[in-house]
Amino acid sequence: MAAIGACGALVAWARRGFLYSTVEGRSMEPTLYAGDRLLVRRVAAGRLRVGDLVVCPVRLPGGAVLLPPPGESVPRLWVKRLAALPGDPMPPGMVAAGYGGTVPPGVAVLLGDNPAASTDSRAVGPVPLDRVLGRVVWRPGLSREGSPAGW
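Each residue of the sequence shown is one higher than the one before, counting from 1 in full-length UniProt numbering.
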């Protein structure tokens, strides 16, 4: 009986600390491909670093958040690269989109690795840091393209 209780506690701890997600679309190619599975560790905003792959609920221009598809209870998540944190200079793609200077307090710039196929901070602006759910820590197996997984 104690083993069942310990197992349940372990599962509860893992759910609070980790997310499991599947990549959709082409916005992160060639780093990630549609169908790649990701393990995401929930982390505080202060532990994020430029270059991290992060996830957050999808935001569209105007600040709208996509609702979950019918039959799903969790909203879709963006997987993007953290390109700049508060106080960092705006990345060149953001300057071209009309944002200049430095990244304001409380927000981050999230960009896809494939700009031609990515809706990201260039379209919706900087994303509030408190919306970032976590950092990608592991990609098990091989992607559909056959590239080695993990980091």
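Virtual Cβ for every residue (Gly too), placed ideally from N, Cα, C.
Spatially closest choice to residue i from the options, by CA coordinates
| i | options | result |
| --- | --- | --- |
| Val-103 | Ser-121, Pro-115 and Ala-117 | Ser-121 |
| Arg-49 | Pro-92, Ser-21 and Ala-108 | Ala-108 |
| Leu-39 | Pro-86, Leu-110, Val-54 and Met-28 | Val-54 |
| Arg-135 | Gly-25, Lys-80, Gly-100 and Gly-112 | Lys-80 |
| Ser-21 | Asp-130, Arg-42 and Leu-77 | Leu-77 |
| Gly-87 | Gly-101, Cys-56 and Met-94 | Gly-101 |
| Gly-25 | Gly-106, Pro-89, Leu-19 and Asn-114 | Asn-114 |
Coarse secondary structure for residue i, derived from DSSP in three states
| i | result |
| --- | --- |
| Val-132 | coil |
| Pro-92 | helix |
| Pro-104 | coil |
| Arg-76 | coil |
| Val-124 | helix |
| Ala-97 | coil |
| Pro-57 | strand |
Residue i, buried or exposed, once every other Cβ within 10 Å from all chains shown has been counted against 16
| i | result |
| --- | --- |
| Ala-96 | exposed |
| Asp-52 | buried |
| Thr-31 | buried |
| Gly-112 | buried |
| Pro-128 | exposed |
| Tyr-99 | buried |
| Ala-117 | exposed |
| Asp-36 | buried |
| Ala-83 | buried |
| Gly-17 | exposed |
| Pro-92 | exposed |
Cross-strand partners of residue i (DSSP beta bridge)
| i | result |
| --- | --- |
| Arg-37 | Thr-22 |
| Gly-84 | The residue asked about is misnamed: residue 84 is Ala in this sequence, not Gly. Beta-bridge pairing links Ala-84 to Val-109. |
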